[in-house]
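Novice:
Number of protein chains: 2
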Amino acid sequence: MNQIATTPKPPYYAVIFTSFLHDEADGYAEAAQYALSLAMKQPGFLGYEGVRAGMGISVSYWDSLEAIRAWKEHPEHRLLQQKEQLWFRESKIRICKVERDY
Amino acid sequence: MNQIATTPKPPYYAVIFTSFLHDEADGYAEAAQYALSLAMKQPGFLGYEGVRAGMGISVSYWDSLEAIRAWKEHPEHRLLQQKEQLWFRESKIRICKVERDY
Numbered sequence: 000m001n002q003i004a005t006t007p008k009p010p011y012y013a014v015i016f017t018s019f020l021h022d023e024a025d026g027y028a029e030a031a032q033y034a035l036s037l038a039m040k041q042p043g044f045l046g047y048e049g050v051r052a053g054m055g056i057s058v059s060y061w062d063s064l065e066a067i068r069a070w071k072e073h074p075e076h077r078l079l080q081q082k083e084q085l086w087f088r089e090s091k092i093r094i095c096k097v098e099r100d101y
Numbered sequence: 000m001n002q003i004a005t006t007p008k009p010p011y012y013a014v015i016f017t018s019f020l021h022d023e024a025d026g027y028a029e030a031a032q033y034a035l036s037l038a039m040k041q042p043g044f045l046g047y048e049g050v051r052a053g054m055g056i057s058v059s060y061w062d063s064l065e066a067i068r069a070w071k072e073h074p075e076h077r078l079l080q081q082k083e084q085l086w087f088r089e090s091k092i093r094i095c096k097v098e099r100d101y
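Protein sequence lines, in the order shown, are assigned to chains U and F.
Numbering follows this note's numbering, with no gaps: position 96 of the first sequence is 95.
Numbering follows this note's numbering, with no gaps: position 29 of the second sequence is 28.
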């Protein structure tokens with residue numbers, strides 16, 4: 000999925016997730032891949048862009064705040080979120096409304 | 000600057016810039032560094048996060064749409080923007096309002 004996401008005409012929503020992994024982050028890559036495969040099946044999922052080189056920045060795109068909330072509360076995603084402290088040394092999530100793109 | 004940006008309480012604004020470089024992108028690294036040094040001096044600049052590994056994702060944070068517009072129209076930034084097609088094979092800019100973070 001390492002490509003620029005094809006998204007509809009704004010407005011839509013973006014979740015910017017910026018993070019640093021611990022030196023040891025066993026199981027993270029598989030979990031991230033699995034989480035993405037789940038997210039892609041969620042109603043309102045529009046696309047994903049992610050890069051990691053030391054710091055990681057991933058951006059997922061959604062058609063509404065409700066879709067973001069439903070994904071946050073997805074049972075399997077919640078289980079993964081409980082493990083986040085094992086994997087991430089530091090992280091920040093920003094929920095955004097995309098107003099324009101070009 | 001490879002760290003998670005310290006940003007104020009929302010709302011504030013984010014510019015998500017996703018891109019792929021051409022195989023040859025002479026002068027890009029220096030230009031990007033210089034552009035960032037200029038951006039940091041702009042009124043309303045709040046922070047920056049950027050990662051490149053094949054695809055690049057950089058996010059700059061601003062206190063208003065006016066600050067983003069002023070940066071877009073900065074004379075030296077405009078000169079750099081004119082060179083973008085030399086450097087970028089593909090790129091997308093998304094202007095967003097950050098509504099929540101945690």
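The beta-carbon is built from N, C-alpha and C at its ideal position, and this holds for glycine as well.
Can you have a look at R68(U) and say buried or exposed, based on whether 16 or more other CB atoms are within 10 angstroms of its CB?
Specialist: Looking at its Cβ environment, which holds fewer than 16 other Cβ atoms inside 10 Å, R68(U) is exposed.
Novice: Taking the beta carbon of A28(U) as the centre, do at least 16 other beta carbons fall within 10 Å, making it buried, or is it exposed?
Specialist: The residue is exposed, with fewer than 16 neighbouring Cβ atoms inside 10 Å.
Novice: Taking the alpha carbon of K96(U) as the reference point, which residue from K8(F), A13(F), N1(F), Q2(F) has its own alpha carbon closest?
Specialist: When only C-alpha atoms are compared, the closest one is A13(F).
Novice: So within the stretch 32-79 of chain F, which uninterrupted alpha helix (DSSP H) runs reach at least 4 residues, ignoring any that extend past its ends?
Specialist: Counting only runs of 4 or more, we get 64-71.
Novice: With distances taken between CB atoms, is the gap from G43(F) to A66(F) smaller than 9 Å?
Specialist: In this structure, A66(F) lies closer than 9 Å to G43(F) by Cβ.
Novice: Residues of chain U with CB closer than 7 Å to the CB of K96(F), please, in chain order.
Specialist: Under the 7 Å cutoff, chain U gives C95, K96, E98.
Novice: Among all the DSSP beta bridges, which residues are the ones paired with A13(U)?
Specialist: In the DSSP output, where bridge partners are listed per residue, A13(U) has Y60(U), C95(U).
Novice: For M54(F), go through chain U and note every residue whose CB falls closer than 9 Å to its CB, in chain order.
Specialist: Those are N1, Q2, I3, E48, G49, V50, listed as they occur along chain U.
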